[in-house]
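> Have a look at this one before I ask anything.
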Amino acid sequence: MSVSAILKEKGSSVFTLASTLSIMDAVAMLGEHKVGALIVSDNGETIDGILSERDIVRGVAHFGSACLQKSVADLMTRNVITCTEEATVSDLMELMTKGRFRHLPVVRGDKLVGVVSIGDIVKRRIAEIEREAEEIRSYIATA
Ligand code: AMP
Numbered sequence: 083m084s085v086s087a088i089l090k091e092k093g094s095s096v097f098t099l100a101s102t103l104s105i106m107d108a109v110a111m112l113g114e115h116k117v118g119a120l121i122v123s124d125n126g127e128t129i130d131g132i133l134s135e136r137d138i139v140r141g142v143a144h145f146g147s148a149c150l151q152k153s154v155a156d157l158m159t160r161n162v163i164t165c166t167e168e169a170t171v172s173d174l175m176e177l178m179t180k181g182r183f184r185h186l187p188v189v190r191g192d193k194l195v196g197v198v199s200i201g202d203i204v205k206r207r208i209a210e211i212e213r214e215a216e217e218i219r220s221y222i223a224t225a
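Last residue of the sequence shown: 225 in our numbering, with the numbers rising by one and none dropped.
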């Protein structure tokens, strides 16, 4: 299954925020949208960074509650690994395993067109495995 098929199913809406906002703003957005990471984009189209729950946990461990007043730019990861719509589920699993992260922004050129999380991948992979098992079962039953 390709990233474009995943985006067709789940939609291409992406929650972005500006790097100048505070970590408190980011916490509110993460809670409101029930997601684990936000794409940082100052123009809403191209990617400046990514901020995940883990960055905030690390920030709290380092700065204590003062972390909440820091800016998104202070804690975000700037070197963002992305994928394209042509990538496959197994490409994404490899990128996430190697990079030890759970979110991959999808780009067309330098424009953000979606985001895929490890949860999206696990859901599709399980569906694929169940479909393959069903095909094998019906093949055996008719053989
Ligand atoms: P995650 O597992 O996605 O919550 O993120 C773990 C760490 O990796 C955090 O420091 C994130 O900012 C960073 N991170 C998440 N996704 C990416 C990505 N696609 N490229 C680079 N870093 C990322």
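All C-beta atoms, glycine included, are put in the ideal place defined by N, C-alpha and C.
(1) Looking at Val188 and ligand 1, is the gap between the Cβ and the nearest heavy atom below 8 angstroms?
(2) Is the region 152-161 close to the region 128-141, with three or more CB pairs under 8 angstroms?
(3) Sorted by chain position, which residues of the same chain lie with C-beta nearer than 6 angstroms to Lys152's C-beta, five sequence neighbours on each side aside?
(4) Should Ser147 be labelled buried (16 or more other beta-carbon atoms within 10 Å of its own) or exposed?
(5) Go ahead and pull the three-state DSSP assignment for Gly93.
(6) Could you tell me which of Arg206, Val85, Val198, Glu176 sits nearest to Val117, measuring between CA atoms?
(7) So is the beta-carbon of Leu103 under 8 angstroms away from any non-hydrogen atom of ligand 1?
(8) Please report the Cβ distance between Ile132 and Val122, rounded to the nearest whole angstrom; I am assuming they are in contact, meaning their Cβ atoms lie under 8 angstroms.
Put simply:
(1) no
(2) yes
(3) Ile105
(4) exposed
(5) coil
(6) Comparing Cα-Cα distances from Val117 to each of Arg206, Val85, Val198, Glu176, the minimum goes to Val198.
(7) no
(8) 6 angstroms
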